[in-house]
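Mind the numbering: the sequence shown is residues 3 to 489 in this note's numbering, read in order.
From the three backbone atoms N, C-alpha and C, an ideal C-beta is built for every residue, glycine too.
As the structure is a prediction and not an experimental result, all values here were calculated from the model.
Notes to accompany the following structure.
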Amino acid sequence: MKNPHQARVENFLLTLLGAFFLYEAFKQSFFFPYTDNEGTFVLMGREMGRGARLYADLWDHKPPFLFGQSWLLQMFIPLTEFHLHLYAVFIHALNAFLIFHLAKRLEFSRSGSWASALAYVFLLFPQIFQTWAVEADLLTQPFLLLSFSAAFSKKNRMIFLSGALWACAFFTKQSALFLLPVFLMAGAFADIPKILRWAAGALILTAAVILPFAMDGRWMDFNAALIGFNQYYIEKGWIFFFATEDFRKFLVDWSKMALCTYGLVIVTLVLGLAGSLKKPVHARTPYFLTAWLIGVLASCCVSGYFFTYYFIALLPALALGIGLAWMKWQETRRKDLGLCFFMLALGLIAVGTNWSGVRNKILSYAQYPYPKYYADKDMGALIAREARPVDQLLAWDDDPQIYVYAGLKPFGKTPFINHLSGMPYEAWRLFKTFTDQPPRYCVMSRDPQVLPVPDWLKTQLAKRYTAVQSIGELDLYRFREQDQKAK
Numbered sequence: 003m004k005n006p007h008q009a010r011v012e013n014f015l016l017t018l019l020g021a022f023f024l025y026e027a028f029k030q031s032f033f034f035p036y037t038d039n040e041g042t043f044v045l046m047g048r049e050m051g052r053g054a055r056l057y058a059d060l061w062d063h064k065p066p067f068l069f070g071q072s073w074l075l076q077m078f079i080p081l082t083e084f085h086l087h088l089y090a091v092f093i094h095a096l097n098a099f100l101i102f103h104l105a106k107r108l109e110f111s112r113s114g115s116w117a118s119a120l121a122y123v124f125l126l127f128p129q130i131f132q133t134w135a136v137e138a139d140l141l142t143q144p145f146l147l148l149s150f151s152a153a154f155s156k157k158n159r160m161i162f163l164s165g166a167l168w169a170c171a172f173f174t175k176q177s178a179l180f181l182l183p184v185f186l187m188a189g190a191f192a193d194i195p196k197i198l199r200w201a202a203g204a205l206i207l208t209a210a211v212i213l214p215f216a217m218d219g220r221w222m223d224f225n226a227a228l229i230g231f232n233q234y235y236i237e238k239g240w241i242f243f244f245a246t247e248d249f250r251k252f253l254v255d256w257s258k259m260a261l262c263t264y265g266l267v268i269v270t271l272v273l274g275l276a277g278s279l280k281k282p283v284h285a286r287t288p289y290f291l292t293a294w295l296i297g298v299l300a301s302c303c304v305s306g307y308f309f310t311y312y313f314i315a316l317l318p319a320l321a322l323g324i325g326l327a328w329m330k331w332q333e334t335r336r337k338d339l340g341l342c343f344f345m346l347a348l349g350l351i352a353v354g355t356n357w358s359g360v361r362n363k364i365l366s367y368a369q370y371p372y373p374k375y376y377a378d379k380d381m382g383a384l385i386a387r388e389a390r391p392v393d394q395l396l397a398w399d400d401d402p403q404i405y406v407y408a409g410l411k412p413f414g415k416t417p418f419i420n421h422l423s424g425m426p427y428e429a430w431r432l433f434k435t436f437t438d439q440p441p442r443y444c445v446m447s448r449d450p451q452v453l454p455v456p457d458w459l460k461t462q463l464a465k466r467y468t469a470v471q472s473i474g475e476l477d478l479y480r481f482r483e484q485d486q487k488a489k
């Protein structure tokens, strides 16, 4: 048995090691430009702070708790690139703490709990899943971890709380639906009374979220964001998948890189699950982790887009699996598990030191288009240097961060122009408003994945706008001053 002094030294060293690797993993990422989803996150929160009503005045097909976080954060700190990515570090640190707590709830040993928390930190190091980016898939994890932890409790109020926390996760990212079967393994659905208590928690929180939108005339827009539009989004994703051979080839290459990066982690997890474990370990743990991983994989594949940042949701379950394997190794000293941990350590060192450019190679598969995002930043900064607060901007693009960098409100209702292909009424309203009251600035994208520019907009640009500058695949147009004076 370890003496108290030895335990304190161990805890200090483990904490120091975890903090060091967390710092190393993110120090290169603080000043990366916003991704398109980060741009939406910041933009929606900013406009809500200026009085815009979510979904009624500015719309996106993501749930309200995601944008609620941005709105609350911007009351206290400006969400610059640095602050936003610092928030990602905070969420990861919170996730590591909650993984430690969940491991204890699963009756892991002390070293197994530490191994799980540290494994999560180490798994962030290869940035193939855009681990620095503030995405809904990341922000929903604390709610899910808390919900799972509460589901393993024997107290009735904790089962109720588990349902409410799952609803919080759902209203941050709808993919939480795919994790409902996991609660069967967690024990929340062990009997009818528990099911009812869990459902009561979920339904009460759901009602509290839905009612404000239903009572002030935003129900249709809210329902479209939560459910309606996503059917079209999924259909479009699979059409794109089957119609684009280059995209399918990229997915094959990306899958190979992902398996090279995390394949040994999965092997270690499987070896750790095999056989019996020294007690006390919760009997449901292997089934719980398996259901969790399958649920996450299903949610990552449902849309047909297979965005790399979806898969960051795998990391908490993988981390707990590594903790389980660590306990198995401590129990049996099996050579195969020992070799796995040795190879994992070598891989971590290789990525951390960027040996033979391995970290850069992994990052190149992360679907993070540097030139595109830097062009968005430069274009937004160009507009911001001369724009007035009353000016309006239409970015015919799918990168809302242009509005953030420019400091201007979107001209249309949705900052993602591709959404208009599934929103015919909003497309017509954009045409009507543009014809009557054109914005001062238009940014047009030549990216082939952006919705083609309609003829009416081409005509308006030719007649009433002056081409100012091109940056990357973006062209800036300014409304002619003589037309403004005439109006």
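- DSSP links ASP477 through a beta bridge to MET446 and SER472.
- Bridge pairing for TRP398: MET446 [DSSP].
- A Cβ-Cβ separation of about 7 angstroms places LEU346 in contact with THR270 under the 8 angstroms criterion.
- In the assembly as shown, ALA153 is a buried residue. Its beta-carbon has 16 or more other beta-carbons within 10 Å.
- The three-state reading of DSSP puts LEU291 in helix, counting H, G and I together.
- DSSP, read as helix, strand or coil, puts TYR367 in coil.
- Ranked by Cα distance from SER366, the first of LEU339, ILE324, LEU384 and THR310 is THR310.
- In this structure, the CA atom of ALA429 is about 8 angstroms from the CA atom of SER423.
- With 16 or more neighbouring CB atoms inside 10 Å of its own CB, GLN129 falls in the buried class.
- Ranked by Cα distance from ILE404, the options MET222, MET425, SER447 and ASP438 are led by SER447.
- Looking at the backbone, the Cα of ALA169 and that of LEU207 are separated by about 6 angstroms.
- Per DSSP, the unbroken alpha helix (DSSP H) holding LYS379 starts and ends at 372-386.
- The C-beta of ALA119 has 16 or more other C-beta atoms within 10 Å across all chains shown, which makes the residue buried.
- A Cβ-Cβ separation of about 4 angstroms places MET329 in contact with GLY114 under the 8 angstroms criterion.
- Contact annotation, SER301 with PHE180: C-beta distance approximately 4 angstroms; criterion of less than 8 angstroms satisfied.
- Setting aside the 5 residues that flank it on each side, ARG442 is surrounded in the same chain by ASP393, GLN394, ARG480 and PHE481, each with a C-beta closer than 7 angstroms to its C-beta; the list follows chain order.
- Taking a contact as a CB-CB distance under 8 angstroms, the pair ALA408 and ILE385 counts as one, their CB atoms being some 4 angstroms apart.
- When DSSP states are grouped into helix, strand and coil, PRO412 belongs to the strand group.
- In summary, GLY359 is exposed, with fewer than 16 beta-carbon neighbours lying within 10 Å of its beta-carbon over all protein chains present.
- Nearest neighbour of GLY323 by Cα position, chosen from LEU339, TYR312, CYS303 and THR461, turns out to be LEU339.
- Taking every protein chain shown into account, the CB of ARG335 has fewer than 16 other CB atoms within 10 angstroms, so this residue is exposed.
- DSSP links LEU60 through a beta bridge to LEU56.
- A residue is called buried once 16 or more other Cβ atoms fall within 10 Å of its Cβ, and GLN233, having fewer, is exposed.
- Judged by pairs of C-beta atoms under 8 angstroms, the segment 292-300 does not touch the segment 73-87, as fewer than three such pairs exist.
- Straight across, the Cα-Cα distance linking GLY265 with ALA276 is about 17 angstroms.
- Per the coordinates, the alpha-carbon of GLU49 lies some 10 angstroms from the alpha-carbon of SER72.
- Annotated three-state conformation of TYR307 is coil, per DSSP.
- As a beta-bridge residue in DSSP terms, TYR467 pairs with PHE481.
- The three-state secondary structure of ALA135, taken from DSSP, is coil.
- Between ASN420 and ASP438, the C-beta gap is not smaller than 9 angstroms, which leaves the two residues out of contact.
- Put simply, of PRO391, LYS156 and ALA138 the residue whose alpha carbon is nearest the alpha carbon of ASN39 is ALA138.
- Spatial neighbours of ARG220 in its own chain (CB-CB distance under 7 angstroms, excluding positions within 5 residues in sequence) are listed in chain order as ARG55, TYR57 and ALA58.
- 9 angstroms or more divides the Cβ of LEU167 from the Cβ of LEU141.
- Comparing alpha-carbon positions, the option among LEU146, ALA98 and LEU453 lying closest to PHE172 turns out to be LEU146.
- Residue environment for TRP134: buried (at least 16 other C-beta atoms within 10 angstroms of its C-beta).
- Excluding residues up to 5 positions away in sequence, PHE162, LEU163, SER164, GLY165 and ALA166 lie with their Cβ nearer than 7 angstroms to the Cβ of GLY203 in the same chain.
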